[in-house]
Amino acid sequence: MYKLGFLFSILSFFLFAGNLSARFSFESDDSLKVHVNKEKDSLSKDTAYHHLWKHATIWSACLPGAGQIYNEIGYRRVQNKKNRAWWKVPIIYSALGVTGYYFYNNLITAQGLKREWLYRYDNGNAMSNTNYFTWSNDELLDGKTIDNLYYPGYDQAAKYRDLFAVGFIAVWGLNVVEALVDGHFVHFDVSEDLSFHYYPVLFDRNVAGIGVGLVF
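Going by our numbering, the final residue of the sequence shown carries number 217, and the count climbs one at a time with no gaps.
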């Protein structure tokens, strides 16, 4: 048993020595690469520019997508990254356009149905809007099917109006939150080079193990 422990200790020593020399040579080579990379990066960075995430938040709160454009300018001036923010602007305006369109459409429908129903209630079922001459009072509230197509009544139109209003506000809010979060990442430096190494570790006099190091 002691012989096996002695052999294992000798083997661990040689592995440790070999790994140590490999680490020294690896780190010495990488130090030169890192130094060269830093010199190259310093040429492509605008060190005088300071990106403010608060500005991105305020811009997006006032005008959707403006904070994303501000972050895009920051990405181009601060760091030469692959991450970009401009492509989010069409998505934001598409979502706002869809929710805004259906909100307005249901708003106009609900208002027209409500006016017709109130007019009939106040004037003894007399009709005012020619579009609803074939609609009964109940159908003005519940909806009507014409040629296999369902046309919502006031209750459904008002419900859809409220849902799309909430959706519009939610998209606007998400646009602000996204600009705020992404604004923090403009100055966040993440190296693309990762190094991984392992080495023997002596925990106790008779206990040996393997250590793992990850540098990023």
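For each residue, glycine too, the CB sits at the ideal point set by N, CA and C.
Which two residues bound the contiguous alpha helix (DSSP H) that contains residue i?
i: K55; result: W54 to C63
i: Y133; result: Neither: Y133 is in no alpha helix (DSSP H) and is coded neither H nor E.
i: R116; result: K89 to D123
i: Y71; result: A67 to V79
i: K160; result: Y155 to F186
Give me the residue from the options with the minimum Cα distance to residue i.
i: K55; options: A180, Y151, G154 and W136; result: A180
i: F189; options: N84, D123 and L108; result: N84
i: A166; options: A57, K89 and L108; result: L108
i: A62; options: N106, W173 and V182; result: W173
i: I70; options: Y152, W87, V99 and I59; result: W87
i: Y50; options: V79, F104 and G98; result: V79
Residue i lies in the beta strand (DSSP E); which residues open and close that run?
i: K145; result: K145 to I147
i: Y151; result: L150 to Y152
Enumerate in chain order the residues of its own chain whose CB-to-CB distance from residue i is below 7 angstroms, with the five nearest sequence positions on each side excluded.
i: L114; result: L141, G154, Y155 and A158
i: G101; result: F169
For residue i and residue j, I'd like the C-alpha separation in whole angstroms.
i: I170; j: P201; result: 57 angstroms
i: F27; j: V182; result: With a pLDDT of only 37 at F27, under 50, the local geometry of the prediction cannot be trusted, and the value read off the model is given with reservation. In a straight line, the C-alpha of F27 is about 36 angstroms away from that of V182.
i: D123; j: N72; result: 57 angstroms
So, for residue i: in the same chain, excluding its five sequence neighbours on each side, which residues have a beta-carbon less than 6 angstroms away from its beta-carbon?
i: A127; result: none
The region 56-66 in contact with the region 82-93 per 3-pair CB rule at 8 angstroms: With the cut-off at 8 angstroms, the region 56-66 and the region 82-93 touch.
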